[in-house]
Structures are given as structure tokens and as C-alpha cells.
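Data first, discussion second: the structure below is written as C-alpha cells.
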Amino acid sequence: MPMPMPVYRRQFMKLAGMAGMAGLGLTLPIARRFAQAGGGYTGPFWLLVHAQGAWDPRLFCDPVAMGTQNRLYTKTGSAGAIQYADYPVDLAQLGLDTTMGYEGYLLSNSAFFGKHGHRFTVLNGIDTSTNNHEAGTRATWSGRLLGEYPAFGALVAAAKAKDQPMAFISNGSYDVTDGLVPLARASNPDTLANVAYPQLINPADAKPESFHSASTLARLEAARQARFADLAKQATLPREQHALAELQGARKASGTLSQLKLPKTFVAIPGSQLDDLERMLKAQEIALAAFGSGVCAAATITLGGFDTHANNDRDQARQLAKLWYGLDYLFTRADALGLGKQLYVVVGSDFGRGPNYNSDNAGAGKDHWPVTSALVALPGATGGRVVGATDASQNARTIDPVTLKPSNSGVTLSPDLVHQALRKVAGLEAFAKDYPLEGQALPLFG
Amino acid sequence: MRTANRSIGWIGIGVASVLLISACKGSIGHKSAASDASDGGAGPSAQCTSAKQFFISEVWAPVMGQICIDCHGPGGIASAAGAKFQLLPPGYPGFLDANFEMVKHFAKLTYDGKSLLLRKPVGELDHGGGQVLDPKGKELAALSMLIKRLDQVDACPAAPSPSLPSVELLGPVATLRKASLSLAGRLPTPTETDAVMKGGDAALPAALDGLMRESAFIDRIKELYNDVLLTDQFLSYNGRALNALDKDDFPVSKTYYDTLSDTDKANVNRAVAREPLDLIGYVVEHDRPFTEIVTANYTVLNSATSAVYNAAPPTSSYADLGALHEGKIVSKRTSVAWPHAGVLTSPMFLSRFPTTPTNRNRHRAREVLDIFLATDILKVAERPINSQASSKYINPTRDDPSCNQCHRQLDPIAGAFLKFDDYGQSSFRPDRQWHPEMFPPGFGSEVMAVSDFDRAPQWLAQRIAKDPRFALATVYTLFRGLTGQEPLVYPQDPAAPDHDAQLVAWEAQETTFRAIGQAMIDDHWKLKTAVKQLVLSHYFRAAGVAKDASDAARTALAEVGTAHLLTPEALSRKISATVGIPWNREWDNSPLLLTDYRMVYGGIDSDIVVTRLSQPNGVMAAVQLRIANEVACRAAAWDFMQPQAKRFLFRHVELTDTGEASIKQNLQYLYAQLLGEELAAGSPELERAYQLFAQTQSAGLASIVSKQENDSLSWSCQGRRDWLKAADIPDASRLKNDKNYVVRAWTAVLAYLLSDYRFLYE
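Shown next as C-alpha cells:
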């Protein structure tokens, strides 16, 4: 039988409060205020969504209704200036069980752009200059094709919230940090809840006990600090010096982890055919909770299944329908949590697919194509815009660097230029000066 | 303060190199400490640069490695057209030596009195690539200078081998401890420690041989190889490995498997998923040539895999799978024998790296190059391509130069898997033919005869095994697993400010790895030989460098030595080995670091997350604190309940002991046991730990008197459970009372030590 709560439980909470930690059971807005008061990060927040495997822009935001590049639809729709491929979500055609209620977890292009098009600037005709998944993913999320620059999320986290325990959460995709900021993985909410309070025996208890009294905790911390200092003096190998500094930084950052307030429940989708979407939603919930708790500045989210060398139309349409539902869920939850005005979302993929199908049969796929698209949502109704275009052969069209309109004498959109613009929006130009990109920042986002 | 364990035997790298046995003799550390002091030991002297050094820095790095290699490298257009001037890229063992020799040879070939190496690049003599260098540019000038120097006696002969600045190594006892934990997941026995203490470095090889005879070592090798094969993906749920199998080839995987109990299903799934790793373990355990991991004309089977792979009839129970034995996979689809080629034809390997009708085994080929040939083909392909240019070609992967540079190497290897289905990944289809529009099956420039198609994987495996990159790839995999570091990448940018120091570091590592690979080859391809030499090298043992070392020296040593954040698996083993109890979930006795905390502590799931985190973040730091607190809480009371001689933690104290002498004696023991650190009497660290104990105990007593705390342990920290048997201890036998606050004071000390850098890193 568990013991009654010891007296030092109260002492611990007092100590926790002194250290700027939020207590258990706080609601998110309260936790956020506490995070602010305690020096937690308050935004902006960047969510970077990767459609892994290379998506087919012809099937959503860079449509061509007729011709050899599309067998799926015959008409396009529009939301503001955004043109989209207009076709319905048909569970049977998508190869999904029609009895599980999956239609409630999928959105068509029409539904998605109709509801959220005002948020997005669509960038079409981005030439990644590669057909290589690894290089394309790197270029899409760092702006650099050759060499390993930090991911954009790492730059944001390092510049804005380096000392937070989950400054940069990665759920896959390109997440190189170049040592600027530690990378955190956080896909299991149960474990996270336990870790947030390492001094409590069982944080889920109504009245959790601490492993040590408050005075013991203080002695332990003092001893650890003194030990760190001694070890740092003794260390002579660069690698050991670096490791000690990293560990000390991580320890410092862990102090604010108790601010993390996770939802009590997560979305559970019936059956197994939308498991990847369920993982995406869970990862988004964790990212939003980390944003709201002031412990994170950037997170990557990944939805796979886009490498459609076979069954391009079926599988792209299915994965896109999941992606749109996931993004709809994200915006809805972010607004509900009061985070919408600080939320920046970038959606991209390795590169594109096409231009043509790789066979004549019904299960034809599309192979790799360097020209792709990206979607960027800044807070508020700043979207409904399209920059860039492709020609009939799905090559990138050049754009005028001032008007951003297609122009035969302009520049080609590239990951470098997209990231120049993103860095400007995020205020990273000076911070990222050691990672220069080619070209000049264009006013892609107004 | 340096600990005795670390300071004993700290020696210069010159001595360390001796430990690299004959193959490495003299390969590292020929430079004396005195010479290090003069120039930091990194980088060639500015006053005297050898012709080879000039070639490396002025010709290879900016010219040949950037321009000429495109066509004259393996698979390049010039090579394919039969050009005799061939260059090797980084990744090939000894590529700089080989390229230098090639240049020396061609420098002597002249036309009308002028070297071909100066004529061809400017477009003369029908150079296939036309003009690639400006006749007045600095690149050609550097080439011209090199040729002049090669025509003279070298005034600055090259150093016999690259050198690193002197480093201090872990002593033999500390090395044994680190190796024991790393290779066998346990601490050395007193006998082993005594032997090494008496015999010094010379006794280490025998001690390591002993460790490598244990089954834990074989498990470690499997763990290490899963990091590259990633076949543990199929352990993510019961049935996943079976689901990956084609039911026409292996009908037992469906019909019979479905009838099994849940326990048997788990065992069978694990057996199937682990088959390629078991083969690797078998090869190592039996000291077979390590090349058999790709060449073996067999696999290893137990009762479960024998049934699934049609080698024996199913049995009624799979509670005990029996010993592994050599056997053959049989496909029910065909009467043609399975073309066994080690792990290359393992159904799990084939399924882990699947293909599609348009991918055509290229994914597999890429993995073969990466895992077994130390070649990241995607790096070769990292160059901008022009979509409009590529669209000019009907068959760009074969005809577009920007595509075929990579596909010329990739597609022939892909062709070796031609007899496996595009949909059922492990389905053996002897009737299948290769795609005529692709490069034909082969290896490098060698084309496979059509008559070899039926045994194509075996044909490929023989060539992989003979390729010098196979040994290098093996050393790379071991190095990653044992140190947590990536092998250094050849520094491509000669303009980088620290290029010379980087080059020294790379050359030293390259030389060491080549020597280790050669030693393994010379010792009948015994993997254990490579493991032993890596452990004895400064990459595993380096612990310090002179404090006044130059920046260049520090750059050269940037990736050398200890400071390896333990993986979840290694930390889990270390807890058990040093504390005496595992950190397991109470409800199913599974190791917490391999389940609940695996991913959050930077581990891999072999599925979506395949890269380990080597830099701790705030969440990982919090996990460390939870581990320290929870393990200390569980272990303190438990250990006191054991007979003193069997205790892991409290060998020198009882619950009634609070005197300074006995407490300090046990603290010294704990530092050695948990951290491998020998604390001298009177050391500041010993005093700090003692004060932590003494102040906690006295403050706790005061709290009990003042009723702020009670005299009982928290329920969770009571001696209430046998953590080894995973069973509760009867209530009457539990240790609950802590009226002297001794258990809690020791709990604090344990939490302090278990969260220490030296516990969490090796």
C-alpha cells in the first residue's frame, strides 16, 4: 500500500516553484502564462510538414486538367488565386475500407483549399535540381542542395529558444542541427509526461511523492554543478570538453520541461489503414503542447507514402487527403489553444513527380522530377496567393524578382530562394550568416 | 584532478601505436612529443612540402578531385570508354596513394616533349572531355608544378605515415573496464582485472579475446549490425516478419503461423526477423571469415525458421527454438535452389530494402554499396541536375551524363537481384529477366555473363568480398558501434582554414582503419581481430591531450577518444552490470530503456527513426535524472538486504554505519564500481560526496525529529521487490524502516553518481 504523502512533497513543490516550474494539472493557457513568466519561449512557432517520398503537384496545387500528365481529374477549382486539381475523395478508389468511417479523416483538395486557402502562399515551379530523395529533402528543408546546412527548424530553434528542453522536435525528415541546438524526439506522450517530472516518483498520482526531500534536491544540484566544473577543468580532449558542455546545457534545459502540459487524450482512428495519419496527428498535438508550454520553437512532422513509382493516382490522392485532414486538424487545434496567431506552417516534399506516367496500365506510377511546389502559411489571412509556375512540360518557369509574375527574363524559384525568404520572415538573416544561400531574398510572402 | 584509473598508463600515441599489433606498427604516432610541441603536430610544414603533399593539397583537392574525377572515376564516362587514366574517389581505401601513383605514371608519358597530363586537360590529343582546364589558370599551373617536382628528386620526402598529436590513453585497467562494458555488457571479473593490472597493455589482447568468446559479445555484434541492416523493424509487432514473406514461396508463414499461440507467434516472428543478424552472429561466433556474411551459401536456422523456410516440417511448439544450425532456404514456388549469398538473399534483407517495378532494385543496390562497400552513392549523385536537359533523353539513367554517373555504378548491382520479385520482395522468381534498357547486371566495369544470372547474388557477393572497400566498410560499422562516431569525411575544401589539420586527422584515421582492415584480412577475416584492434586504438582509448595543444592539434583530435553518450541499450546494460539490478518495468519486466524510453533517449526503432541521437537534449537530460532517481530508489534498500559479500553497492557499510571512515571507504568503492574512477583519500571529490551523504543524513534525522519526515521509506523505495526475479518480497521481509536516514542518504549519493557524466558516457 502506498505511503501517505510525505511532508517533503510540499517542499518539492515549493522548490519547483522557485525554479520556475509549473505545477501539475495546469491548463494550457495557464501553463503558457507561467512559461512566459518563467522565461519560456512564447513564439513564433514553426511547424514543418514533410510529405515524404516526393509528392505530385499536378494532383493538387499545380494542376493541368487535360493532357498526358493527369489521368485523375478533368477540372480545376480555385480558392483565391490558388488553382487546385478538383476530384473527390472516394474511399474505394483510394483502396480504403469503406466501413470504418475513414471519410471523416480525409479531405479533398476542394475542401482543404476552400477552408484554408486564405492561409497559404503556394509556391509552384521550385526547381530542387535533384531527383535524389536525400538531397531533395535536405534542399527542401535547409535551402542547400550540397553540403549539410542546418535544417530550417534547427536555425529557428537555435536562434529563438536554444535553452528550451525541446527547442527543436523532429519526427523525421531532414533534421540536421550542425550542433546549434539539441534535437528532441517526442512521439510518446505517456513517456513525456513521466519524464517531465524526474524528481517525482509517479507524476500521475493525485499527490505525487518526491524521491528526495527539497533540501536533498538542493544539495544534489549543488554537488552536480561543482562536479561539472571540476570535470570541465580536467577535460583536455576537445571531444570530452564538447560532451560536457552539451550535457550541462541539456541539464539546464531540462529544468523547464515540467512546463510541458500534454493533452489527456489523443485522436484514435479506427482500424489500421490510417495509422500514419494518426501518428501525424499525435505528433502535431505534442508539438502544439510543446509550443504552448514554452519549451519548443520548431517541430517537424512527417507523413510518408508519397514515393509512388506505382499507383501514383491512387496513392498520391490518398496521402494528400490524409495530409489535408492533418493540416486542418492542426489549424483547428492551434486556434483552440490560442496559438494560431503565432503559428507558421511550411509544407514541402523531397521534390516532385512526373511529368508523365511511367506506363500505360491502370497502376502506373510517376517517377522522380526535380520541379516541385511548397505551401507556406503565415499567421492570419496572408495567403490565397500563388508565386511561380511550371510550363506544359512541367519545367519551372522563371519569375520577375520584383513582381513575382512569370517572366522569361527572371529567376527560377529554388530552395535557396525559398529559404532566403523564410529566413527573412523568421528574422534569421544575421543568425544564419554562416550558412549563406545563393540569390537574394524575394518578397515571396509579401 | 585526474583519477588514478585514468592516469595510470596514460601514454603518448607513440606507445599506443604499438598496441595496434603488427599491422599498425609505425602507422601512427611516429612523431615525437618534441616535434608536436614545435608545430602542434598537425599539418605539413610550410617550409617543406613533399611532392605527395603538394599533390594532395594543390592538385587532388582543387583539380582532380573536383573536375577530373567526374569522368575518370569509377563508372565515369572516361573509365567506361576504356581510358587508362583512372582515379579513385574518397571511400576507396588508399585512394590518395593510388591516385598519386597514377599521376606519377602518367606524368612520365609525353607527346612532343610535354606531359599528357598537361595536354589532355586543355583539350589537346582528342581529350574525350574536351577542354576542362584553362591553359592560363592556376589549376593547370599547379599540375605543371607537380610534374616538374616529380621529375626531380624530392627535397622534402613524404613522412612515412600521418601522425596525430600525442594523446593520453586510458590505462589498461580502465580500457578493460570500458571494453568489458561495451563488448560484453558487464564489468571485468577480479581475475581479469588482476591479470591486466599485472600484465599491463600486453595482457589486454588476451583479456579481450576472453570477452569476445561470450554470447553477450555476439549479441552486441548483432545489435551493432542492426544499426545498418535495420531488420529489427520486423520486431515492431508480432507477425510483421511473417507478413513480409511471400505466401507462395513460404506457405507456413501464413497457414501454420496463424494457428500458433501468442507466445509461439512472438518467438517465431523474432526468429524470422533475426535470421540475417543470427547469420552474422554465427559467422563471428565460429570465427568464420567475415566475408561469409555476404558469401555464405547457407543461412542459420532454428526450429522456427526451418519450418517457415521449408527446411523442416512445422512442430507443435515453438517455446524452445533449439540451437542455430546451417541450413538452406527452400522456396515452394520453384524447384530451383535458393541462391544463398549471406544476408544479401535473406528474405528479411530483401524486404527491409524493398523494390518496385520502376525502382528495379536500385534501393537495394544503394544499401549494398553503403553497408558493404563504404560507398554512399547518393553523395556521388549530389549535384544539381537540369530537368530540361534530362528530358532530352529517352533513357536518362543510361544516357544522360548527369544521371548515369551514378546509375552506371548502381544499376549493375541492382541487376544482381533480378531473380527476386518486384512486389513479393522475397519471392524467388528464376524465370525473371533483366531490363534490356538498363545497364546490365555486373559490378563496376565487369559485366555478369547471362549464364550467371541464376546465381547472380552469389556472383555479386564474391566481388564484394574481394573489394578492398568491404574491409573498410566492416571497420566503419564497428567504429560507429563502438564509439558512436561517424568516420571522418575526406576534407574536400582546400581553402578551409583548418584544412591541413582536418587532413591530418583524416589521414591518420584512414591509415588506422586500413591497417585494422588488413589485420582482419590477414587473420583469416576474423572480425574479432578488427574489434580488438579498434579497442586498442586511440579512437577508443584516448582520454586527454596536453592542455597547451595548439588549435590545429585540437582540430586534428576533434573526433578522437572517449565521451560517447551511451545508447539506450548500452546504458541499460551498464545499470544492470554496475548496480546489480535492471531498470525494468514492473508489470512485464521489460527493460525500460528498450521500451518506454528507447526513442525519447535517442534510440532507433529501425523503422522510421534510424539514426541515433548523440547529443543530449533537455528531454534526454530529464530521462537521465529519472533513471538516477528511480534506480537509486530501487537499489539502495535492495542492496542492503543482500549478504555483504554479494552486494554491488554497499560492500563496506551496514545500515548502522555513519562513521566518516567507513562511509568514505564505501564511497571510494562506489566511484570505482559505478564510474570506474579511483578516488584518492582526501580528494575533493571524495569530500564532496561524503558531505552529500553526511549532510543529507543529518538533515534527514532532524526532519524525522521535527516530524517533517517520517522514519519509513517511501513505499516505492522500500526493499519490497526482488528486482532480479521480478517478484514481490513478502511484507514481513521487506526493508521499510529508515530511522537513521541512512538509506535515503545513500539514495541521494547513488542518484548523484548515476546522473554523473562518467556514468552516462563511456
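Protein chains in written order, with this note's numbering: chain A, 3 to 448; chain B, 9 to 770.
Backbone N, C-alpha and C fix where the C-beta goes; we use that ideal spot for every residue, glycine too.
Predicted model, so just to flag it, every value in this text is computed and none were measured.
Identified DSSP bridge partners for B:D730: DSSP, once it has assigned bridges, lists B:A735 as partnering B:D730.
Whole-Å CB distance - B:L249 paired with B:A281, under 8 angstroms assumed: Position check: residue 249 of chain B holds Ala in this sequence, whereas Leu was assumed. Their Cβ separation, rounded to whole angstroms, is 4 angstroms, which keeps B:A249 and B:A281 in contact under 8 angstroms.
Interface flag, A:I271 vs chain B, CB-CB below 8 angstroms: Closer than 8 angstroms: no.
Assigned exposure category for B:M607 - 16 Cβ within 10 Å defines buried: With 16 or more other CB atoms across the displayed protein chains lying within 10 angstroms of its CB, B:M607 is buried.
Residues within the segment 150-163 of chain B neighbouring chain A, beta-carbon criterion of under 9 angstroms: Per Cβ criterion, the list is empty.
Closest Cα partner of A:R281 within the set A:T302, A:Y359 and A:G296: Of A:T302, A:Y359 and A:G296, the residue nearest in Cα terms is A:T302.
Option nearest A:L283 by Cα separation, candidates A:A366, A:Y107, A:D337 and A:W48: A:L283 has its Cα closest to that of A:Y107, out of A:A366, A:Y107, A:D337 and A:W48.
Amino acids of chain B, ordered along the chain, whose beta-carbon sits closer than 8 angstroms to that of A:S175: Simply none; closest approach about 10 angstroms.
Interface partners of A:T193 on chain B, CB under 7 angstroms: Listed along chain B are D604, Y605 and V608, each with a C-beta nearer than 7 angstroms to that of A:T193.
Delimiting residues of the beta strand (DSSP E) encompassing A:H463: Any question about residue 463 of chain A goes unanswered here, given that chain A covers just 3 to 448.
is_contact[A:A432, chain B] using C-beta, thresh 8 angstroms: It does not; no Cβ of chain B falls within 8 angstroms.
Beta-carbon contacts of B:D764 that lie in its chain and below 7 angstroms, excluding the five residues immediately before and after: Only residues of its own chain outside the window of five on either side were considered, and among them L683 have a CB closer than 7 angstroms to the CB of B:D764, listed in chain order.
Chain-ordered chain A contacts of B:V631 [CB-CB under 8 angstroms]: Neighbourhood of B:V631 in chain A, by CB distance below 8 angstroms: V197 and P200, in chain order.
Local Cβ density within 10 Å of B:W731, reported as buried at 16 or more and exposed below that: Taking every protein chain shown into account, the CB of B:W731 has 16 or more other CB atoms within 10 angstroms, so this residue is buried.
Start and end residues, alpha helix (DSSP H) containing A:Q85: Annotation for A:Q85: no alpha helix (DSSP H) segment contains it, though the beta strand (DSSP E) segment containing it runs I84 to A87.
Distance between B:Q241 and B:D613 (C-alpha atoms, nearest Å): If you take the alpha carbons of B:D613 and B:Q241, they lie about 7 angstroms apart.
Per-residue burial, B:D736 [other beta carbons within 10 Å of its own, 16 or more giving buried]: With fewer than 16 neighbouring CB atoms inside 10 Å of its own CB, B:D736 falls in the exposed class.
Residue of A:C298, A:Q236, A:V427 and A:A398 minimising C-alpha distance to A:Q166: With distances taken between Cα atoms, A:Q166 lies closest to A:C298.
Backbone secondary structure at A:P357 - three-state DSSP: Three-state result, A:P357: strand.
Contact set between B:E693 and chain A, taken where Cβ atoms lie within less than 8 angstroms: Taking a Cβ-Cβ cut-off of 8 angstroms, the neighbours of B:E693 in chain A comprise R229 and D232, given in sequence order.
CB contact check: B:T586 to chain A, cutoff 8 angstroms: For B:T586, the answer is no, since every Cβ of chain A falls outside 8 angstroms of its Cβ.
B:G335 in three-state terms, based on DSSP: Three-state DSSP puts B:G335 in a strand.
Boundaries of the beta strand (DSSP E) in which A:A376 is found, first to last residue: Taken as a continuous stretch (DSSP letters only), the beta strand (DSSP E) holding A:A376 covers V373 to A379.
Contact under 8 angstroms by Cβ, B:M356 with B:T485: At a Cβ-Cβ threshold of 8 angstroms, B:M356 and B:T485 do not count as neighbours.
Beta-carbon spacing of B:M456, B:G489 below 8 angstroms: Contact flag unset, no.
Contact list for the segment 461-485 of chain B against chain A, Cβ threshold 7 angstroms: Taking 7 angstroms as the Cβ-Cβ cut-off against chain A, none of the residues of the segment 461-485 of chain B qualify.
Interface partners of A:S217 on chain B, CB under 7 angstroms: Those are A707, listed as they occur along chain B.
Closer than 7 angstroms: B:V757 CB and nearest the ligand HEM heavy atom: For the ligand HEM, the structure offers nothing, since it holds no ligand at all.
Assigned exposure category for B:C7 - 16 Cβ within 10 Å defines buried: No statement about residue 7 of chain B is possible, as the shown extent of chain B runs from 9 to 770 and does not include it.
Neighbour list for A:P167 in chain B, Cβ cutoff strictly below 8 angstroms: Ordered by position in chain B, the residues that pass the 8 angstroms Cβ test against A:P167 are N625, G626, V627, A629 and A630.
CB-CB length for B:K540 against B:L216, believed under 8 angstroms: About 5 angstroms separates the two Cβ atoms, so the contact holds.
Chain A within 8 angstroms of B:I671, Cβ atoms only: So no, B:I671 is outside the interface.
Selected residue, minimal CA-CA separation from B:V631, among A:P200, A:A234, A:T400 and A:K368: Looking only at A:P200, A:A234, A:T400 and A:K368, the smallest Cα-Cα distance to B:V631 is reached by A:P200.
Pair within 8 angstroms by beta-carbon distance, B:G626 and B:P101: Not closer than 8 angstroms, so no.
Cβ neighbour criterion (16 or more within 10 Å) applied to B:I402: B:I402 should be labelled exposed.
CA nearest to the CA of B:N107, picked from B:C79, B:L117, B:F93 and B:D120: Nearest to B:N107 by alpha-carbon distance, out of B:C79, B:L117, B:F93 and B:D120, is B:F93.
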